[in-house]
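The sequence shown maps to residues 5 to 134 in the numbering used here.
Built from N, CA and C at the ideal position, the CB exists for glycine as well.
Note that this is a predicted model, so its numbers are computed, not measured.
Inspection log for the structure reproduced underneath, given as structure tokens.
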Amino acid sequence: MHEMGIVFHIAKTLDELALKNHLTKIGSVTLDVGEVSGIMTDYFTDCWNYFRGRHPILKDSELKIETIPALTWCDNCKNTYPTVKYGRECPYCHSGETWLLRGNECVIKEIEAEGGDDEEEQEEQILANQ
Numbered sequence: 005m006h007e008m009g010i011v012f013h014i015a016k017t018l019d020e021l022a023l024k025n026h027l028t029k030i031g032s033v034t035l036d037v038g039e040v041s042g043i044m045t046d047y048f049t050d051c052w053n054y055f056r057g058r059h060p061i062l063k064d065s066e067l068k069i070e071t072i073p074a075l076t077w078c079d080n081c082k083n084t085y086p087t088v089k090y091g092r093e094c095p096y097c098h099s100g101e102t103w104l105l106r107g108n109e110c111v112i113k114e115i116e117a118e119g120g121d122d123e124e125e126q127e128e129q130i131l132a133n134q
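Shown next, in the form of structure tokens:
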């Protein structure tokens, strides 16, 4: 189970972001998780809930997971197709000269937080382009 390691890495990133931007509380974190990333969202959510209980800035945070469909590119016929439905072989030309275009990522998409440089407890949205 690699989910705990990913949660740990995300929490470390959020800590650094909070420190840099003077954030006092993180209300929610939205992740883009690829369909074939290997991340089990139920396990991931369990790890998140365990970790946030031991991490003050995340204590009341909500985790939102958005699934990114896997898409494969065929170098032979230059088409894309849904990876999960067809696998590695291109359904158009039956070539094996294919590669995963998207669907294996895990990216922080959005963070809703309180605090900030103005020292007021206003809710902000911070886009983390990582």
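Check: Extent of the continuous alpha helix (DSSP H) run through Cys81; Outcome: Per DSSP, Cys81 belongs to no alpha helix (DSSP H) and is neither H nor E.
Check: Selected residue, minimal CA-CA separation from Ala117, among Lys63, Pro60, Leu27 and Pro95; Outcome: Leu27
Check: Spatially closest choice to Gly119 from Ala22, Tyr96, Pro86 and Lys113, by CA coordinates; Outcome: Ala22
Check: Sufficient close CB pairs (3 or more, under 8 angstroms) joining the stretch 54-63 to the stretch 79-88; Outcome: no
Check: Exposure label - Phe12; buried when at least 16 CB within 10 Å; Outcome: exposed
Check: Limits of the alpha helix (DSSP H) - the one that Gly9 falls within; Outcome: Glu7 to Asn25
Check: Same chain, Cβ closer than 7 angstroms to Trp77, five either side skipped, listed in chain order; Outcome: Thr84, Thr102, Trp103 and Leu105
Check: Option nearest Ile43 by Cα separation, candidates Glu93, Asp19 and Gly9; Outcome: Gly9
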